[in-house]
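Peer 1: To start, I am sharing the structure in question, which I have written as structure tokens.
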Amino acid sequence: MSNIHSLTRPRTLLSLLLIVCLSPLRAQTSEFTASVSALIRIGTIESAEEQLQQAALWWTQHQEKGQIPLIAGDSVAFLYKGDAHTVKWMGDFNAWGYDKNVANSGTRIGKTDIWLWRTSFPGDARFDYKIAVDDKDWMLDPENPYQQWSGVGGGSPNSELRMPAWKEDEVQHERPQISHGSITNDILLHSKVLGYQLMYSVYIPVHKPADEPLPVLYVTDGYEYLHPKMGNMVTVLDNLIADHKIVPLAVIFIDHREPVNRGNNKRMTELAMNQKYLQFFVDEFLPRMEHKYPISRDGSKRGILGASMGGLNAAFFAFSKPEVFGLVGLQSPAFWTRPQIYNLCGNPAGNKVTVSMTSGVINDASEGSRKMKTVFESNACVYHYREVNDGHSWGNWRNLLDDVLIDLYAPK
89 MSNIHSLTRP
99 RTLLSLLLIV
109 CLSPLRAQTS
119 EFTASVSALI
129 RIGTIESAEE
139 QLQQAALWWT
149 QHQEKGQIPL
159 IAGDSVAFLY
169 KGDAHTVKWM
179 GDFNAWGYDK
189 NVANSGTRIG
199 KTDIWLWRTS
209 FPGDARFDYK
219 IAVDDKDWML
229 DPENPYQQWS
239 GVGGGSPNSE
249 LRMPAWKEDE
259 VQHERPQISH
269 GSITNDILLH
279 SKVLGYQLMY
289 SVYIPVHKPA
299 DEPLPVLYVT
309 DGYEYLHPKM
319 GNMVTVLDNL
329 IADHKIVPLA
339 VIFIDHREPV
349 NRGNNKRMTE
359 LAMNQKYLQF
369 FVDEFLPRME
379 HKYPISRDGS
389 KRGILGASMG
399 GLNAAFFAFS
409 KPEVFGLVGL
419 QSPAFWTRPQ
429 IYNLCGNPAG
439 NKVTVSMTSG
449 VINDASEGSR
459 KMKTVFESNA
469 CVYHYREVND
479 GHSWGNWRNL
489 LDDVLIDLYA
499 PK
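Count the sequence shown with the working numbering and you get residues 89 to 500, in order.
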């Protein structure tokens with residue numbers, strides 16, 4: 089009897105624990121279903137006037153609770169209120185309308201002005217979206233307070249869907265009580281190799297060793313990585329250094345915008361496996377930076393980081409010059425634009441590089457990243473790879489930035 093009791097008791101405790109954990113989720117799911125069903129029933133009321141009254145009451149109740157959009161578990165009810173002939177939702181989940189296989193059209197509730205689209209996503213997903221009214225006016229969700237800035241050259245806001253199990257990384261929050269590194273912005277440089285002027289910014293940590301040069305990281309799309317609403321990288325660096333999760337390092341942010349005309353962004357040319365841009369970096373930019381700042385000339389302490397086209401460029405730089413760039417961060421790398429990158433990374437010359445690669449799985453770069461992961465396995469380089477239920481967005485990249493930095497610059 090005692091032996092049986094000793095075996096069943098842990099199972100009983102486990103069952104109770106599961107009940108306790110699952111009960112709130114079941115309650116939320118039940119409330120979600122009841123709320124959506126109640127809204128749909130309003131559309132069946134015979135009196136149009138009664139429909140409008142009940143719909144207004146339903147909307148106000150959920151608006152006051154912050155339940156628009158309505159989310160529970162893996163279920164989402166997107167909602168829009170306004171005059172329209174059609175309402176659709178566009179976002180990372182349907183490649184911003186390019187993936188025609190994803191249903192995204194709302195249904196009008198009876199004779200009301202409320203539109204409903206019910207769907208589901210992984211419980212820890214996060215992505216950007218907008219509402220398309222009458223197939224022409226793309227707008228932020230007026231009821232959703234969450235926004236994520238995206239785009240090139242400073243971008244613009246999108247509405248942000250945060251599923252219940254998604255959590256913002258605490259490292260994104262600025263902490264006034266810690267020491268902060270210094271940032272010098274928009275330094276001009278004329279390149280003889282490229283034949284034009286460009287800008288860069290420099291981060292120097294507050295606690296730097298007095299007797300040895302700093303490890304260094306070069307970051308493409310530097311303006312976006314610096315932007316508090318996009319990469320927010322200075323806050324991440326300050327927090328990680330203060331918590332001793334990474335060593336103090338210098339970071340040099342390269343801006344691809346033309347200094348005198350910042351609407352002209354050269355990233356699509358500079359970052360597309362551009363041999364001349366690599367020559368500029370190795371022969372001109374690095375020597376200048378190493379002369380001007382107390383940074384290491386050791387390739388094993390020098391990194392290159394980029395997102396999307398910047399990720400492609402970072403792989404091109406590191407595997408073309410592994411003795412120069414021993415550390416490489418690839419965030420949603422745009423390998424599909426230059427498939428020859430797989431051959432280059434599969435046949436590295438000389439030094440092995442350390443790689444940290446991340447990708448979302450919602451119309452992001454996971455297919456190419458998984459292919460590259462097998463290449464890294466075959467050439468025996470040191471690599472770290474992470475996938476998240478997210479899209480091709482700064483909301484993805486900023487939340488994984490600390491993981492990339494720790495992979496590459498954790499104290500030995």
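Ideal placement from N, C-alpha and C gives every residue a C-beta, glycine not left out. Remember, it's a predicted structure, so these values are computed and weren't measured experimentally.
#1: Taking just the CA atoms, how far does Ala160 sit from Phe341?
#2: With Ile329 as the anchor, note down where its alpha helix (DSSP H) starts and where it stops.
#3: Kindly list the residues whose CB is nearer than 8 Å to the CB of Gly239, restricted to its own chain and excluding five residues on each side of it in sequence; keep chain order.
#4: Can you look up Glu231 in the DSSP assignment and give me helix, strand or coil?
#5: Using DSSP's beta-bridge definition, name the partner residues of Gln285.
#6: Could you tell me the boundaries of the beta strand (DSSP E) in which His472 lies?
#7: Would you list the residues sitting across from Gly417 in a DSSP beta bridge?
#8: Return yes when the Cβ of Val476 is within less than 8 Å of the Cβ of Gly448, no when it is not.
#9: Which residue marks the beginning of the alpha helix (DSSP H) containing Asp495, and which one marks its end?
#10: Taking Phe166 and Ile450 to be in contact with their CB atoms under 8 Å, please state how far apart those CB atoms are, rounded to whole angstroms.
#11: Decide if Lys419 is buried, meaning its Cβ has at least 16 other Cβ atoms within 10 Å, or exposed.
#12: Based on Cα-Cα distance, which residue from Gly179, Asp223, Glu134, Asp229 lies nearest to Pro157?
#13: Grouping DSSP H, G and I as helix and E and B as strand, with all else coil, what is Leu337?
#14: According to DSSP, Thr272 sits in a beta bridge with which residue or residues?
#15: What separation, rounded to the nearest whole angstrom, lies between the Cα atoms of His379 and Arg206?
#16: Using the three-state DSSP reduction, which class does Leu432 fall into: helix, strand or coil?
#17: Counting only the same chain and skipping the five closest in sequence on each side, list residues whose C-beta sits under 8 Å from that of Asp371.
#18: What span of residues does the beta strand (DSSP E) with Val449 cover, start to end?
#19: In the DSSP output, what is Met502 paired with across the bridge?
#20: Which of the three DSSP states is assigned to Tyr381 in this structure?
#21: Would Arg129 be called buried (16 or more neighbouring beta carbons within 10 Å of its own) or exposed?
#22: Skipping 5 residues on each side, what residues in its chain have a beta carbon closer than 8 Å to that of Tyr234?
#23: Whose C-beta lies closer than 7 Å to the C-beta of His93 among residues of the same chain, with five residues either side of it excluded?
#24: Which class does Met89 belong to by DSSP, given the choice of helix, strand or coil?
#25: Distance check for Asn232 and Glu138, CA to CA, integer angstroms please.
#26: Closer than 8 Å by C-beta to His295: which residues in its own chain qualify, once you throw out the five before and the five after it? Chain order, please.
#27: Report back the beta-carbon spacing between Pro421 and Gly399 to the nearest angstrom; my notes put them in contact at under 8 Å.
#28: Roughly how many whole angstroms lie between the Cα atoms of Ser396 and Gln260?
#29: Measure the alpha-carbon distance for Glu300 versus Phe404 and round it to whole angstroms.
#30: With DSSP collapsed to three states, give me the class of Ser135.
#31: Expressed to the nearest angstrom, what Euclidean distance is found between the alpha-carbon atoms of Ile494 and Tyr381?
#32: Start and end of the beta strand (DSSP E) containing Gly351?
#33: Using three-state DSSP, classify Trp254 as helix, strand or coil.
#34: May I have the straight-line CA-CA distance separating His173 from Ala143, to the nearest angstrom?
#35: Leaving aside the five residues before and after Trp146 along the sequence, list all residues of the same chain whose C-beta is less than 7 Å from its C-beta, in chain order.
#36: Could you tell me which residues DSSP pairs with Thr195 in its beta bridges?
Peer 2: If we stick to the structure as given:
#1: Taking the straight line from one Cα to the other gives about 40 Å.
#2: Unbroken alpha helix (DSSP H) run through Ile329: 321-330.
#3: Closer than 8 Å at the Cβ level, and outside the excluded window around Gly239, lies no residue.
#4: Three-state DSSP puts Glu231 in coil, outside helix and strand.
#5: Gln285 pairs with His278.
#6: His472: member of the beta strand (DSSP E) spanning 470-476, first to last residue.
#7: In the DSSP assignment, the residues bridged to Gly417 are Leu393, Ser444.
#8: Contact flag set, yes.
#9: Counting along the chain, Asp495 sits inside the alpha helix (DSSP H) bounded by residues 482-497.
#10: Not really, about 16 Å apart at Cβ, beyond 8 Å.
#11: According to the sequence as given, residue 419 is Gln; it is not Lys. So Gln419 ends up on the buried side.
#12: For the residues Gly179, Asp223, Glu134, Asp229, the minimum Cα distance to Pro157 belongs to Asp229.
#13: Assigned with DSSP and collapsed to three states, Leu337 falls in coil, not helix or strand.
#14: Paired residue(s): Val290.
#15: Roughly 58 Å separates the two Cα atoms.
#16: In the structure shown, Leu432 adopts helical secondary structure according to DSSP, grouped into three states.
#17: Hits under 8 Å: Val281.
#18: Val449 -> no beta strand (DSSP E), and no H or E assigned at all.
#19: Limits of the chain in this structure are 89 at one end and 500 at the other, which puts residue 502 out of reach.
#20: If DSSP states are grouped into helix, strand and coil, Tyr381 belongs with coil.
#21: Residue environment: Arg129 is assigned as exposed (fewer than 16 neighbouring CB atoms within 10 Å of its CB, all protein chains considered).
#22: Only residues of its own chain outside the window of five on either side were considered, and among them Ser247, Glu248, Leu249, Arg250 have a CB closer than 8 Å to the CB of Tyr234, listed in chain order.
#23: Summary for His93: the model assigns pLDDT 38, below 50, so the residue's position carries little reliability; its value from the coordinates is reported in the next sentence. For His93, where only same-chain residues beyond five positions count, there are no Cβ hits under 7 Å.
#24: In this predicted model, Met89 has a pLDDT of only 37, less than 50, meaning its place in the structure is not dependable; the value taken from the coordinates is given anyway. Residue state, collapsed to three classes: coil.
#25: Cα to Cα, Glu138 sits roughly 27 Å from Asn232.
#26: Here the set comprises Ser267, Ile329, Pro336.
#27: Indeed, because the Cβ distance is near 3 Å, the residues count as touching under 8 Å.
#28: Here the alpha carbons of Gln260 and Ser396 stand approximately 21 Å from one another.
#29: Going from the Cα of Glu300 to the Cα of Phe404 covers about 29 Å.
#30: In this structure, Ser135 counts as coil in the three-state DSSP scheme.
#31: Each residue's Cα considered, the two are about 23 Å apart.
#32: Segment 349-353, the beta strand (DSSP E) holding Gly351.
#33: It is coil, neither helix nor strand.
#34: About 18 Å.
#35: Excluding sequence neighbours, Trp146 sits near Ala126, Leu127, Ile130.
#36: Answer is Leu204.
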